[in-house]
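Worksheet for the structure shown next.
In full-length UniProt numbering, the protein residues as written are 1 to 443.
Below is the structure:
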């Protein structure tokens, strides 16, 4: 990689571009090994106390339990009292929680997703460059063939400029959509982590309403097996989602280029504006008629308010014969409008379905037909069962209440401060703990 970094596809830095994630992982492993070795040496020399890695509760979980057991103000009031107001990023994107740590499985899954996305993006770019180079060579060959043909009706002479234009436009659109698809997939990976923390804290608080009821009573064997499948499925869904999103964005980019950008560049801007004006006018008329229907019903076909203080009229018809004529007149209009709405619904469903195909935490079909979605049948069940099992094993609110093991096999529960805080906060702390769990779930 140092002596011969070049390559035939990506240029003189090909090996560096392909191998740097692997080198970074190796450097991290080397640093981790060095840290563990230095820590073991200090422990053997008596310079550092050995930490028990089999603790039932970790330090951040102990602090979380202590926070629930002691009386504390609402989190928002506590931040204001300390002079700390949440920023826009914390309010709308992500807020750091010092009492929550992601498990190694989720961190490893996210890192492999990023590495896989990087690898597939580089492969996608290489394949794109190779394909469009071959297309350019094909167009050059066709142009030479068209120049050698002396017939009056030379179809190749008319086809070559269009192919050359398509090659240039498609190359630029493919490279642009590569960036957007990569950013979308990276955003989804971070969103998975955010949803993981939110859903897990809801389960800690005993809230299962966001899960289907058939997942509440889960099989133990299936739940344990779900742990082995979730990470692989999440990585596969992320990579396949990138490819599908990229292809759909490429098609939408071609439609936008040939429908709007190229006609304007070719001097047909007035025709494009005229078509856009017709579309906007038609949409405005449709929306206006919908509003008109509501206004006419509000004014002429509803009875007066029972009390002047009522916010709206009661659900009672007035002028029924006129209402029947009104319904008959708008019947034909609503049929035509329904055809248009059906097409719009199909297009929106296709776009959203491809956009959310990598989201393993939810289904992309309508409610009631989730069993037809393989993602819901397998992926969502795997994710939810893993959540339930992890909640039973790692819920910091349940671990202190477990039946203790025999003294010869029982490790120390946690740092000494936990016992003192637990005893001091237990008196009258049951209601406080319940309120704290609800506050954490709402947050």
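Every residue, glycine too, gets a C-beta built ideally from N, C-alpha and C.
- prompt: Where does residue 94 land, buried or exposed, given buried means 16+ other C-beta within 10 angstroms?
  reply: exposed
task: Report the partner residues of residue 302 according to the DSSP bridge assignment.
output: 317
task: State the DSSP-derived secondary structure class of residue 97, mapped to helix, strand or coil.
output: coil
query: Exposed or buried, what is residue 141 when buried is set at 16 or more other beta-carbons lying within 10 Å of its beta-carbon?
result: exposed
query: Would you report the Cα separation of residue 337 and residue 130, rounded to the nearest angstrom?
result: 46 Å
- prompt: Under 8 Å, do residue 239 and residue 360 count as touching if we go by C-beta distance?
  reply: no
message: Am I right that residue 17 and residue 122 are in contact with their C-beta atoms under 8 Å? What's the rounded C-beta distance?
response: Cβ-Cβ separation between residue 17 and residue 122: approximately 6 Å, consistent with a contact (criterion under 8 Å).
- request: Specify, as a first and last residue, the run of the alpha helix (DSSP H) that residue 115 falls within.
  value: 104-148
query: Three or more beta-carbon pairs under 8 Å between the region 169-178 and the region 243-261, yes or no?
result: yes
- request: Please report how far the alpha carbon of residue 244 lies from the alpha carbon of residue 145, in whole angstroms.
  value: 37 Å
- prompt: To the nearest whole angstrom, what separates the beta carbons of residue 203 and residue 110, a pair I think is in contact under 8 Å?
  reply: That belief does not hold up - the Cβ atoms of residue 203 and residue 110 are roughly 20 Å apart, past 8 Å.
task: Can you give me the Cβ contacts of residue 316 inside the same chain, cut-off strictly under 6 Å, excluding the 5 residues immediately before and after it?
output: 303
message: Can you tell me whether residue 87 is helix, strand or coil according to DSSP?
response: coil
query: Quick one: Cα of residue 221 to Cα of residue 234, how far?
result: 20 Å
message: Considering just the uninterrupted stretch of the alpha helix (DSSP H) at residue 43, what are its terminal residues?
response: 14-44
query: DSSP on residue 4, reduced to helix/strand/coil?
result: coil
- prompt: When the Cα atoms are used, what is the spatial distance from residue 207 to residue 191?
  reply: 21 Å
- request: Starting from the C-beta of residue 353, find all residues in its chain whose C-beta is less than 6 Å away, skip the five residues before and the five after it, and write them out in chain order.
  value: 364
field: Where residue 308 falls: helix, strand or coil (DSSP)
entry: coil
Span of the alpha helix (DSSP H) around residue 162: 155-204
- prompt: For residue 326 versus residue 296, is the C-beta distance shorter than 8 Å?
  reply: Taking 8 Å as the Cβ cut-off, residue 326 and residue 296 qualify as a contacting pair.
task: State the start and end residues of the unbroken alpha helix (DSSP H) segment that holds residue 260.
output: Annotation for residue 260: no alpha helix (DSSP H) segment contains it, and DSSP assigns it neither H nor E.
field: residue 117 to residue 242 span [Cα, whole Å]
entry: 8 Å
Contact under 8 Å by Cβ, residue 272 with residue 260: yes
query: Around the Cβ of residue 137, are there at least 16 other Cβ atoms within 10 angstroms (buried) or fewer (exposed)?
result: exposed
message: Quick check on this structure: which residue in 103, 155 and 23 has the alpha carbon closest to the alpha carbon of residue 115?
response: Considering only alpha carbons, the answer is 23.
Separation of residue 358 from residue 184, as counted between CA atoms: 10 Å
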